[in-house]
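Q: Sharing a structure with you now.
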Amino acid sequence: MVVLPALALAAGMFLVPLPALCTGGAAVHALEQIQAQHIRSHAPDDPSGFVALADAIPDCIEDIRYYSGYNFVGERIDGYEEPRALLTREAAEALRKVADDLRGRGFLLKIYDAYRPQAAVDHFVRWAKDPDDQRMKEDFYPETDKGKLFRSGYIASRSGHSRGSTVDITIVDASSGNDVDMGGTFDWFGTRSHADCTEGLTKEQIKNRALLRDAMIRHGFRGISTEWWHFTLKNEPYPKTYFTFPVRALR
Ligand SMILES: [Zn+2]
Numbered sequence: 043m044v045v046l047p048a049l050a051l052a053a054g055m056f057l058v059p060l061p062a063l064c065t066g067g068a069a070v071h072a073l074e075q076i077q078a079q080h081i082r083s084h085a086p087d088d089p090s091g092f093v094a095l096a097d098a099i100p101d102c103i104e105d106i107r108y109y110s111g112y113n114f115v116g117e118r119i120d121g122y123e124e125p126r127a128l129l130t131r132e133a134a135e136a137l138r139k140v141a142d143d144l145r146g147r148g149f150l151l152k153i154y155d156a157y158r159p160q161a162a163v164d165h166f167v168r169w170a171k172d173p174d175d176q177r178m179k180e181d182f183y184p185e186t187d188k189g190k191l192f193r194s195g196y197i198a199s200r201s202g203h204s205r206g207s208t209v210d211i212t213i214v215d216a217s218s219g220n221d222v223d224m225g226g227t228f229d230w231f232g233t234r235s236h237a238d239c240t241e242g243l244t245k246e247q248i249k250n251r252a253l254l255r256d257a258m259i260r261h262g263f264r265g266i267s268t269e270w271w272h273f274t275l276k277n278e279p280y281p282k283t284y285f286t287f288p289v290r291a292l293r
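Using the numbering used here, the letters of the sequence shown map in sequence onto residues 43 to 293.
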């Protein structure tokens, strides 16, 4: 039996990719996909495989925190020239199915981050190495020592977001416009953000996290254990490319 190493898929906002394996007939299919990926591999500064999420899902709410100053760093992050959610065509198409699914249940999608240029990740690393800058500690990491963020894997020199098929996402009640209560907030560094955290969460909050997670998984995404809001398209089209073009309107 042929066994091929599948391309690394898991990569959190802060975590490095983990390898996985696939076998048999799936391996042949995977080989074809890998070859196709080589043929269509893009230069890191080429956004031609990307779309604006606003075009794919017009009612998706965008709250692009790294364009705003309200994030764990406390200022606009390098590489975010406009507040936009960009994704690979394949990830946007899968997310459109999630939106259709959840809209039928009374919810809209809300995106905090999608494609993230390498310059932004570099900005996070610079911030993590500066122990004096703790201006956003109270809102994002009150229980975590900033000096341990890098060592603990919260911050890494590469992010799956830079491959263009990862989103940070929550859901909003379509009738009230209110965020659904997930029992925690985006980019909170701590165990309360773990996808399977139950301590201190109500049954309703646990159910709400499962509602989002199950919908994402149904349509081809997978989550990570440390962040309830973070999902990557399993069959991402550019699993080895860390893109560098800035976040702004695609031209
Ligand atoms: Zn993320």
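Cβ coordinates follow ideal geometry from the N, Cα and C atoms, glycine included.
Going by DSSP in three states, W230 sits in which element: helix, strand or coil?
A: Start at 1 with the first residue of the sequence shown, and residue 230 comes out as number 188. In this structure, W230 counts as coil in the three-state DSSP scheme.
Q: Return the CA-CA distance between D87 and F285, expressed in angstroms with no decimal places.
A: As a position in the sequence shown, residue 87 is number 45, starting the count at 1. As a position in the sequence shown, residue 285 is number 243, starting the count at 1. Roughly 6 angstroms separates the two Cα atoms.
Q: Taking V289 and Y122 to be in contact with their CB atoms under 8 angstroms, please state how far apart those CB atoms are, rounded to whole angstroms.
A: Position 247 of the sequence shown, counted from the first residue, corresponds to residue 289. Position 80 of the sequence shown, counted from the first residue, corresponds to residue 122. Right, the Cβ-Cβ distance comes to about 5 angstroms (below 8 angstroms), so this counts as a contact.
Q: I'd like the list of long-range same chain contacts for F228, defined as Cβ closer than 8 angstroms, with 5 residues on each side in sequence excluded.
A: Taking the first residue of the sequence shown as 1, we reach residue 228 at position 186. Answer for F228: R107, Y154, D210, T212 and W271, listed in chain order.
Q: What ranges does the alpha helix (DSSP H) occupy inside the stretch 210-273, keeping only unbroken runs of at least 4 residues that lie completely in it?
A: Fully enclosed alpha helix (DSSP H) runs of 4 or longer: 245-260.
Q: Between which two residues does the beta strand (DSSP E) harbouring D105 extend?
A: Sequence index remark: in the sequence shown, residue 105 carries index 63 (1-based). Careful: D105 lies outside any beta strand (DSSP E) and carries neither H nor E.
Q: Can you give me the Cβ contacts of K139 inside the same chain, cut-off strictly under 7 angstroms, excluding the 5 residues immediately before and after it?
A: Working through the sequence shown from its first residue, we reach residue 139 at position 97. H261.
Q: Is L191 helix, strand or coil by DSSP?
A: In the sequence shown, the residue the question calls residue 191 occupies position 149. In this structure, L191 counts as coil in the three-state DSSP scheme.
Q: When you compare only the Cα positions, how much space is there between N277 and A257?
A: As a position in the sequence shown, residue 277 is number 235, starting the count at 1. As a position in the sequence shown, residue 257 is number 215, starting the count at 1. Using only the alpha carbons, I get a separation of about 16 angstroms.
Q: Quick test of the definition: if touching needs 3 or more C-beta pairs under 8 angstroms, does the stretch 187-202 touch the stretch 135-152?
A: With the cut-off at 8 angstroms, the stretch 187-202 and the stretch 135-152 do not touch.
Q: Is D210 near ligand 1, judged by its Cβ being under 6 angstroms from some heavy atom?
A: Taking the first residue of the sequence shown as position 1, residue 210 is located at position 168. Yes, the Cβ of D210 comes within 6 angstroms of a heavy atom of ligand 1.
Q: Cβ of A216 within 7 angstroms of Cβ of L150?
A: What you label residue 216 is simply residue 174 of the sequence shown in a count that begins at 1. What you label residue 150 is simply residue 108 of the sequence shown in a count that begins at 1. Yes, the pair counts as a contact, with Cβ atoms nearer than the cut-off.
Q: Out of I248, H236, L275 and G232, which has the shortest C-alpha to C-alpha gap to P184?
A: Here residue 184 refers to the residue found at position 142 when the sequence shown is read from its first residue. Comparing Cα positions, the closest option is G232.
Q: Is H165 near ligand 1, judged by its Cβ being under 6 angstroms from some heavy atom?
A: Along the sequence shown, read from residue 1 onward, the residue named residue 165 stands at position 123. Because no heavy atom of ligand 1 lies under 6 angstroms away, the Cβ of H165 does not count as near it: no.
Q: Looking at I236 and ligand 1, is the gap between the Cβ and the nearest heavy atom below 6 angstroms?
A: To locate residue 236, count along the sequence shown from 1; it is residue 194. Inspection of the sequence shows that residue 236 is occupied by His rather than by Ile. Not under cutoff, so the answer is no.
Q: Measuring straight from C-alpha to C-alpha, what distance separates D238 and S267?
A: Sequence index remark: in the sequence shown, residue 238 carries index 196 (1-based). Sequence index remark: in the sequence shown, residue 267 carries index 225 (1-based). About 7 angstroms.
Q: Go through the stretch 117-145 residue by residue and report every complete run of the alpha helix (DSSP H) that reaches 4 residues or more, in order.
A: Runs found: 131-145.
Q: Between W230, D105, V214 and R234, which has its C-alpha nearest K179's C-alpha?
A: Here the question's residue 179 lines up with position 137 in the sequence shown. Nearest C-alpha to K179: W230.
Q: Taking F149 as part of the beta strand (DSSP E), name the residues at either end of that continuous run.
A: Within the sequence shown, the letter at position 107 stands for residue 149. From DSSP, the beta strand (DSSP E) with F149 extends over F149 to D155.
Q: If we call anything under 7 angstroms between Cβ atoms a contact, is S13 one with G226?
A: The question about residue 13 has no answer here: the residues shown for the chain are numbered 43 through 293.
Q: Suppose you measure from the CA of T186 to the CA of A96; what does that come to, to the nearest Å?
A: Locating residue 186 in the sequence shown gives position 144, where the first residue counts as 1. Locating residue 96 in the sequence shown gives position 54, where the first residue counts as 1. Between T186 and A96, the C-alpha separation is close to 35 angstroms.
Q: Look at the alpha carbon of F182 and the alpha carbon of V115, and state the distance between them as a whole number of angstroms.
A: For this step, residue 182 is matched to residue 140 along the sequence shown. For this step, residue 115 is matched to residue 73 along the sequence shown. Their Cα atoms are separated by approximately 9 angstroms.
Q: Looking only at DSSP bridge pairs, what is T208 linked to?
A: Here residue 208 refers to the residue found at position 166 when the sequence shown is read from its first residue. Paired residue(s): T274.
Q: Closest to A161 by CA distance: which of A85, D120 and H84 is it?
A: For this step, residue 161 is matched to residue 119 along the sequence shown. Comparing Cα-Cα distances from A161 to each of A85, D120 and H84, the minimum goes to D120.
Q: Return the Cβ separation of V214 and D221 in integer angstroms, given the expectation that the two are a contact with Cβ distance under 8 angstroms.
A: For this step, residue 214 is matched to residue 172 along the sequence shown. For this step, residue 221 is matched to residue 179 along the sequence shown. The Cβ separation is near 6 angstroms, so the contact holds.
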